[in-house]
Amino acid sequence: MNLTTELIPHSWLWLATLIYGVLILWSVIGADWGQMRRELRLWNAWLASTVAVLLLWSMRAGVLPGLEFHCLGVTLLVLMFGWRYALLSISLVLVGTALNGAAQWLALPLNALLLGGVPIAVSHLLLRFSVRYLPKNFFVYILFCGYLSAALAFAAGVLSSTLVLALSGAYSFERIGGEYLIFIPMMLFAEALLTGMLISALVLNKPEWVTSFDDRRYLNGK
């Protein structure tokens, strides 16, 4: 997805800018910068992950202007660094995309909300749900927080983006469904598989990079 100023009313873009500004300010103020200073490896992992997601977003294909296919990697960022750093990462990814000429600056806040904010919120809420209600089990963490959460977060981002396009009058619901949404199940599988495989590898080899994973909760005594 890559919404452009030609497809969305400018009043919507300015409203998105206001909401996005509040969220970014909240993220910057609430982020644990002290932890990043104390653990430089985590800082380096965050920077490397941001660059990796930027490269992931550059591998895209589209059927219509504003309707593109690419994996998000958002759930992985949430599991590794928390929702605040995930939002900051996605913001940097979109800045890099705009600098490369593949996105518009005025549409950046709206894209950040739809492709970052919505999937991040879904991933964060599902993570909190799993911690509170699901069994303290390694495989539950991988399957629910990794695979399922990634698929649902991706679906939420896509559906919110297509809803905005339809309500703005850029495309009809019928056209979006017939030319774009029919391919989404394949992308859901790709997003879930990519996230699940990467989070599995990380918790086994670099658990210190995954701030949501607690050895005492998921492994000790199992």
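The sequence shown begins at 47 in my numbering and counts up one residue at a time.
In this text, a Cβ means the ideal position worked out from N, Cα and C, and glycines have one as well.
Remember, predicted model here, so these are calculated numbers, not experimental data.
1) Whole angstroms is fine: what's the gap from Ala199's alpha carbon to Val168's?
2) Return the first residue and the last residue of the alpha helix (DSSP H) that Ala77 is part of.
3) Let me know if Arg174 comes out buried or exposed under the rule of 16 or more other beta-carbons within 10 Å of its beta-carbon.
4) If the criterion is Cβ atoms closer than 8 Å, does the pair Asn157 and Leu180 meet it?
5) Would you mind reading off the limits of the alpha helix (DSSP H) that contains Ala132?
6) Measure the C-alpha to C-alpha separation of Arg178 and Thr96 and round it to an integer number of angstroms.
7) Drop a sphere of 10 angstroms on the beta-carbon of Leu145, count the other beta-carbons inside from all chains shown, and report buried for 16 or more, exposed for fewer.
8) Starting from the C-beta of Gly242, find all residues in its chain whose C-beta is less than 6 Å away, skip the five residues before and the five after it, and write them out in chain order.
9) Could you tell me which residues DSSP puts in a beta bridge with Phe115?
10) Is DSSP giving Ala94 helix, strand or coil here?
11) Going by other Cβ atoms of all chains shown within 10 Å of its Cβ, with 16 needed for buried, is Phe1 buried or exposed?
12) Using a 10 Å radius around the Cβ and a threshold of 16 neighbouring Cβ atoms, would you call Val74 buried or exposed?
13) Measuring CB to CB, does Glu225 end up less than 8 Å from Arg87?
14) Are Leu265 and Leu122 touching if we call contact CB-CB under 8 Å?
15) Pop quiz: Leu152 and Thr51 are said to be a contact at Cβ under 8 Å. What is the actual Cβ separation, rounded to whole angstroms?
16) Check whether the region 97-106 touches the region 68-84, taking contact to mean three or more Cβ pairs, one atom from each stretch, closer than 8 Å.
17) Counting only the same chain and skipping the five closest in sequence on each side, list residues whose C-beta sits under 7 Å from that of Ile65.
18) To the nearest whole angstrom, what separates the beta carbons of Ser137 and Ile70, a pair I think is in contact under 8 Å?
19) Among Tyr187, Ala236, Ala238, Val204, which one has its Cα closest to the Cα of Val249?
20) My output table needs one value for Trp89: the three-state DSSP class, helix, strand or coil.
21) Taking 6 Å as the limit between beta carbons, can you name the residues of its chain near Ser302, skipping five residues before and five after?
22) Look at the alpha carbon of Val109 and the alpha carbon of Leu240, and state the distance between them as a whole number of angstroms.
23) Do you know whose CA, among Leu213, Ala201, Phe184, Val210, lies nearest Leu118's CA?
Looking at the coordinates:
1) Here residue 199 refers to the residue found at position 153 of the sequence shown. Here residue 168 refers to the residue found at position 122 of the sequence shown. Those two C-alpha atoms are separated by around 5 Å.
2) Along the sequence shown, one-based indexing puts residue 77 at 31. Where Ala77 is concerned, there is no enclosing alpha helix (DSSP H), given that its DSSP letter is neither H nor E.
3) Within the sequence shown, numbered from 1, the residue matching residue 174 stands at position 128. Arg174 comes out exposed.
4) Mapped onto the sequence shown, residue 157 falls at position 111. Mapped onto the sequence shown, residue 180 falls at position 134. Going by beta carbons, Asn157 and Leu180 fall outside the 8 Å limit.
5) Reading the sequence shown from its first residue, position 86 is the one you call residue 132. Unbroken alpha helix (DSSP H) run through Ala132: 129-145.
6) As a working note, residue 178 is residue 132 in the sequence shown. As a working note, residue 96 is residue 50 in the sequence shown. Going by the C-alpha atoms only, they are around 29 Å apart.
7) The residue you call residue 145 lines up with position 99 of the sequence shown. Under this definition Leu145 is an exposed residue.
8) As a working note, residue 242 is residue 196 in the sequence shown. Residues of the same chain with a CB within less than 6 Å of the CB of Gly242, apart from the 5 flanking positions on each side, are Gly192, Tyr193 in chain order.
9) Within the sequence shown, residue 115 is the residue found at index 69, counting from 1. Phe115 is bridged to Ala107.
10) The residue labelled residue 94 in the question sits at position 48 within the sequence shown. In the structure shown, Ala94 adopts helical secondary structure according to DSSP, grouped into three states.
11) For residue 1 there is no data in the structure shown, the boundaries of the chain being 47 and 268.
12) As a first step, residue 74 is located in the sequence shown; it is residue number 28 there, counting from the start. By the neighbour-count definition (other C-beta atoms within 10 Å, threshold 16), Val74 is an exposed residue.
13) Residue numbering aside, residue 225 sits at position 179 when the sequence shown is read from its first letter. Residue numbering aside, residue 87 sits at position 41 when the sequence shown is read from its first letter. Going by beta carbons, Glu225 and Arg87 fall outside the 8 Å limit.
14) On the sequence shown, position 219 is the one that residue 265 refers to. On the sequence shown, position 76 is the one that residue 122 refers to. No.
15) For the purposes of this step, residue 152 is taken as the residue at position 106 of the sequence shown. For the purposes of this step, residue 51 is taken as the residue at position 5 of the sequence shown. Contact between Leu152 and Thr51 holds: their C-beta atoms lie close to 5 Å from each other, under 8 Å.
16) Counting Cβ pairs under 8 Å, fewer than three are found: no touch.
17) If you number the sequence shown from 1, residue 65 lands on position 19. Residues Leu159 of the same chain have their beta carbon placed closer than 7 Å to that of Ile65, with the five preceding and five following residues left out of the count.
18) Within the sequence shown, numbered from 1, the residue matching residue 137 stands at position 91. Within the sequence shown, numbered from 1, the residue matching residue 70 stands at position 24. The C-beta distance from Ser137 to Ile70 rounds to 7 Å, short enough to fall under 8 Å.
19) Position 203 of the sequence shown, counted from the first residue, corresponds to residue 249. In terms of CA proximity to Val249, Tyr187 leads the group Tyr187, Ala236, Ala238, Val204.
20) As a working mapping, residue 89 is identified with position 43 in the sequence shown. Under the three-state reduction of DSSP, Trp89 is assigned to helix.
21) Residue 302 lies beyond the residue range present for the chain, which begins at 47 and ends at 268; the question has no answer from this structure.
22) On the sequence shown, residue 109 is found 63 positions in, with the first residue counted as 1. On the sequence shown, residue 240 is found 194 positions in, with the first residue counted as 1. Near 23 Å, if we compare the C-alpha coordinates of Leu240 and Val109.
23) Residue mapping note: residue 118 aligns to position 72 of the sequence shown, counting from 1. Minimum Cα distance to Leu118 is reached at Ala201.
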